[in-house]
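There are 2 protein chains.
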Amino acid sequence: MARWEPNARERLVRAAVELFAKQGYEATTVNEIAERAGGLTKTTFFRHFADKREVLFAGQEIHGRIVAEAIAEAPASATPLEMVGLALDALAASFTQDRREIGRRLRAVIAHSAELQERSASKRVALSEAMADALRTHGISELAADLAAELGARAFYEAFDRWTSSADPRTLLEYARVVFDELKTAVSVLE
Amino acid sequence: MARWEPNARERLVRAAVELFAKQGYEATTVNEIAERAGGLTKTTFFRHFADKREVLFAGQEIHGRIVAEAIAEAPASATPLEMVGLALDALAASFTQDRREIGRRLRAVIAHSAELQERSASKRVALSEAMADALRTHGISELAADLAAELGARAFYEAFDRWTSSADPRTLLEYARVVFDELKTAVSVLE
DNA sequence: AAGGTGATGTTACTTGGTAACATCACGGTA
DNA sequence: TACCGTGATGTTACCAAGTAACATCACCTT
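Structure follows, in structure tokens:
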């Protein structure tokens, strides 16, 4: 038999989500999480996650890579918004329907903690910057890239919100497309 | 003679900025800041600021009030972007030229710390939401309000950046107008 | 059989942040 | 003049996040 059970990282995430949901983020200590994740310790927790918040956001680096890749593969003739549309599609499509329950719980936990909302906002900025970088590499001008990327990030987070709030069985991809269309319409109403 | 020198809060801010600039945010302890601010203690620091980061951002609640008021006073016939333009003008005009040096130092300090950038992003979201709320109150639809507010916040932060980066004597208001115009132009290039 | 590797634990420490209680100049009031 | 309440501060003691250095020990390779 192995000395340690495998998948410590996953177990830590599960334990953290459960404890945060039950008793709140601030009332949960890292020691508790580690202990519940199969008798681990604080030290091990911090070997896997940079800080206590990060246990809920780890793995999101891949989102940046997905959107960057989608934009890199877009035809050079596409408009900025078309490129962002492709990125959004790729990102949303990477969420299978069974991740919705996890997303639901995550959203609830984050909604109760200012500290987690701050980190969430920070991740959103990172996603937006990944898209903006890719757009600039594709020849889009500075400000236009920033704006288009912001639109994409906004669409993704709004779609995620609706996806995890509602009970009907639509996919995240469907929500993303709806929201993105709404946003494009809203842009034309600004002025 | 008074038992305590007055203006403890200001002294704490000054001490913090100086120490952060000299030795970095993370290498500076709250005790150090309090000590340098005239022999105060940690306890007093936390009576004035909710946490260590906040010492650099305290006082920004007023920004939200400024933009909200400007939008509230805008004519109902104005477009969302016109309302945001008024809000931006009011906010930028509230920065006198002598605050530029402080802004410069602030920007440098924040640029060196991920933790401070996170808080800064959070403050930016707050500013954007203050504008969006005011716009909705003024009858603007949900998404359009969000987008217009985002545009305004983006313009303000970009203008602040240019203002504190450059040596020429233009006011923040001038920068804000230039950036806002550029952003509006960029919007029309998206598609 | 020996030695290296990797994920973990142990111990000890610093610092951010909180809570409860103590101090004492000041300003007013009797 | 003597007293009292108040407000900003200090003191002490504590908890929890996060770091560093070193120890352990199953497993794999040679």
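Chains as they are written, first to last, in my numbering: chain A, 1 to 191; chain B, 1001 to 1191.
Glycine included, every Cβ here is placed at the ideal spot set by N, Cα and C.
Every value quoted in this text rests on a predicted model; they were computed, and no experiment measured them.
Residue from the options whose Cα sits closest to the Cα of residue i
{"i": "B/Lys1052", "options": "B/Glu1174, B/Glu1032, B/Ala1090 and B/Thr1164", "result": "B/Glu1032"}
{"i": "A/Val67", "options": "A/Leu56, A/Met83 and A/Pro75", "result": "A/Met83"}
{"i": "A/Ala144", "options": "B/Val1109, B/Leu1173, B/Ser1165 and B/Glu1191", "result": "B/Glu1191"}
{"i": "B/Ile1071", "options": "B/Ser1094, B/Asp1168, B/Ala1134 and B/Val1189", "result": "B/Ala1134"}
{"i": "A/Ala111", "options": "A/His138, A/Glu10, A/Ala21 and A/Arg14", "result": "A/Ala21"}
{"i": "B/Glu1142", "options": "A/Ala15, A/Val189, A/Phe46 and A/Ala93", "result": "A/Val189"}
{"i": "B/Val1109", "options": "B/Arg1047, B/Arg1014 and B/Asp1146", "result": "B/Arg1014"}
Helix, strand or coil at residue i [DSSP, three-state]
{"i": "B/His1112", "result": "coil"}
{"i": "A/Glu191", "result": "coil"}
{"i": "B/Thr1171", "result": "coil"}
{"i": "A/Arg99", "result": "helix"}
{"i": "B/Lys1052", "result": "coil"}
{"i": "B/Arg1011", "result": "helix"}
{"i": "A/Glu32", "result": "helix"}
{"i": "B/Leu1163", "result": "Checking the sequence shown, residue 1163 of chain B turns out to be Trp, not Leu. Note: B/Trp1163 maps to helix in three-state DSSP."}
Distance, residue j Cα to residue i Cα
{"i": "B/Glu1054", "j": "A/Val125", "result": "20 Å"}
{"i": "B/Ala1148", "j": "B/Arg1105", "result": "29 Å"}
{"i": "B/Lys1042", "j": "B/Val1030", "result": "6 Å"}
{"i": "B/Leu1151", "j": "A/Gln23", "result": "38 Å"}
{"i": "A/Leu86", "j": "A/Arg170", "result": "19 Å"}
{"i": "A/Gln97", "j": "A/Leu172", "result": "8 Å"}
{"i": "B/Ala1132", "j": "B/Ala1186", "result": "21 Å"}
{"i": "A/Asp203", "j": "A/Arg136", "result": "Because chain A here runs from 1 to 191, residue 203 of chain A falls outside it and cannot be looked at."}
{"i": "B/Glu1061", "j": "B/Ala1153", "result": "14 Å"}
{"i": "B/Pro1006", "j": "B/Val1017", "result": "19 Å"}
{"i": "B/Ala1159", "j": "B/Ser1166", "result": "11 Å"}
{"i": "A/Leu12", "j": "A/Leu116", "result": "17 Å"}
Other residues of its chain near residue i: CB distance less than 7 Å, five sequence neighbours each side excluded
{"i": "A/Ala155", "result": "Leu88, Ala176, Val179, Phe180 and Leu183"}
{"i": "A/Ala130", "result": "Gly64, Val67 and Ala68"}
{"i": "B/Phe1049", "result": "Val1055 and Ala1058"}
Close Cβ partners of residue i (< 6 Å) along its chain, the five nearest in sequence each way excluded
{"i": "B/Ser1113", "result": "Tyr1025"}
{"i": "A/Ile140", "result": "Pro80"}
Residues near residue i by beta carbon distance below 8 Å, same chain, minus five either side
{"i": "A/Phe57", "result": "Arg119, Ser120 and Lys123"}
{"i": "A/Leu19", "result": "Thr28, Glu32, Ile33 and Arg36"}
{"i": "A/Arg3", "result": "none"}
{"i": "B/Ala1076", "result": "His1138 and Gly1139"}
beta-carbon residue i near the ligand HEM non-hydrogen atom, thresh 7 Å
{"i": "B/Leu1056", "result": "The ligand HEM is not among the ligands present in this structure, which contains no ligands whatsoever."}
Could you run through the stretch 73-88 of chain A and flag, in chain order, every residue whose CB is less than 9 Å away from some CB of chain B? Thr79, Pro80, Leu81, Glu82 and Val84
Against chain A: residues of the stretch 1129-1156 of chain B by CB proximity under 8 Å: Ser1141, Leu1143, Ala1144, Asp1146, Leu1147, Ala1148, Glu1150, Leu1151 and Arg1154
Using a Cβ-Cβ cut-off of less than 9 Å, list which residues of the stretch 107-132 of chain A approach chain B; keep chain order. Ala114, Gln117, Glu118, Arg119, Ala121, Ser122, Arg124 and Val125
With 9 Å as the limit, tell me which residues of the stretch 1045-1056 of chain B have their beta carbon closer than that to any beta carbon of chain A; keep them in chain order. none
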